[in-house]
Amino acid sequence: MIIIKLGGGLVAPKEWEAEKADLTVIRRLSDELVQGVDPGKKMVVVSGSGNYGHKAVERYGISEARGIARVRESARKIGEIVRDELEKAGRDAELIIPREIFPGGRLSIAEDKTPVLYGDVIEVEKGKWKVWSGEKIIRKLTERLRDVEMIVQVSREEGVWDRQGLIIPEINKSNWEVIKQDVGGAEGPDVTGGMLHKVEESLEIARDCGVKTWIISGAVPGRLKDLLQGKRVPGTRVG
1 MIIIKLGGGL VAPKEWEAEK ADLTVIRRLS DELVQGVDPG KKMVVVSGSG
51 NYGHKAVERY GISEARGIAR VRESARKIGE IVRDELEKAG RDAELIIPRE
101 IFPGGRLSIA EDKTPVLYGD VIEVEKGKWK VWSGEKIIRK LTERLRDVEM
151 IVQVSREEGV WDRQGLIIPE INKSNWEVIK QDVGGAEGPD VTGGMLHKVE
201 ESLEIARDCG VKTWIISGAV PGRLKDLLQG KRVPGTRVG
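So in full-length UniProt numbering, spot 72 of the sequence shown is number 72, and the numbers just go up one at a time.
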């Protein structure tokens, strides 16, 4: 099984107006997923929220029921768009609502459909809610599914950059503390932490589940398909 995260800044740029998806990019990436992954291979797609969930959290917050409902509704919309475009590209897909399976709900994945998830507001304790990023969703999926072979984070960036402006080819527990100071958080409205958060969640997945993550650019046509077909591409491997 492969898990692919479509970065929110890629599918719904945060500098755009609220709830505006980049359909051109989503359609191209959907085509690359369908062309790059064998029809018989299981795949899970997780969408970032971009200008959907992040701007909704900024505007409404999650301290009251009304705000939580607004954020959840907005985040779900981008998940629905990604699901629809995957189906148009030729891959049967179904939307899975994260709050219905996390933290302790039943996770059921149909054999003939590709699950699509997204960042969501989760009740982690009675009366206590938190925003779970796409990266957090991926970590929980990897812990529970146990047959995940690889994770791909598709970003606007070519990978993780060092202070000289070069892509760091590999990040692991041995070099992370040295590299960490060079890795930025989020730019613009991002309630989940940006690149720093991606790397830290990916390192935890590698430590706990033994699964590596590739961070690559989805802004370059063909890059995702090439990686999925086993070709070498620029990017950062984490784990």
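From the three backbone atoms N, C-alpha and C, an ideal C-beta is built for every residue, glycine too.
Cα-Cα separation, residue i to residue j
i: glutamate 143; j: valine 178; result: 27 Å
i: alanine 56; j: glutamate 19; result: 9 Å
i: valine 46; j: tyrosine 52; result: 14 Å
i: leucine 196; j: isoleucine 205; result: 14 Å
i: leucine 227; j: alanine 110; result: 25 Å
i: proline 234; j: proline 169; result: 8 Å
i: alanine 69; j: glutamine 164; result: 43 Å
i: valine 71; j: glycine 48; result: 13 Å
i: isoleucine 97; j: serine 174; result: 36 Å
Contact check, residue i vs residue j, beta carbons under 8 Å
i: glutamate 158; j: serine 202; result: no
i: leucine 95; j: glutamate 73; result: no
i: valine 124; j: isoleucine 62; result: no
i: glycine 7; j: glutamine 229; result: no
i: leucine 29; j: valine 220; result: no
i: glycine 90; j: valine 34; result: yes
i: threonine 114; j: aspartate 147; result: no
i: valine 116; j: valine 82; result: yes
Beta-carbon separation (whole angstroms), residue i vs residue j, contact threshold 8 Å
i: lysine 5; j: glycine 105; result: Rounded, the Cβ-Cβ distance is 21 Å, inconsistent with contact.
i: arginine 237; j: lysine 212; result: 6 Å
Beta-ladder partner(s) of residue i, from DSSP
i: valine 44; result: Ile3
i: lysine 128; result: Glu125
i: arginine 237; result: Glu170 and Trp214
i: methionine 150; result: Ile2
i: aspartate 120; result: Trp132
Nearest candidate by alpha-carbon position, reference residue i, set the options
i: lysine 126; options: Pro115, Lys113, Pro103 and Leu145; result: Pro103
i: alanine 12; options: Lys113, Pro115, Arg156 and Asp208; result: Arg156
i: glycine 3; options: Lys180, Gly165, Lys136 and Asp182; result: A small correction: the amino acid at residue 3 is isoleucine; glycine does not occupy that position in the sequence shown. If we check each option's Cα against that of isoleucine 3, Lys136 comes out closest.
i: valine 87; options: Arg163, Gly165, Arg27 and Gly48; result: According to the sequence provided, residue 87 is glutamate. The question's valine does not apply to it. The shortest Cα separation from glutamate 87 among Arg163, Gly165, Arg27 and Gly48 belongs to Arg27.
i: glutamate 64; options: Lys128, Trp176, Asn175 and Leu224; result: Lys128
Residue i at chain D interface by Cβ criterion, 8 Å
i: alanine 110; result: Looking for chain D here will not work: only one protein chain is present.
Residue i Cβ short of 7 Å to the ligand HEM heavy atom set
i: isoleucine 109; result: Of the ligands one can find in the structure shown there are none, so the ligand HEM has no counterpart to examine.
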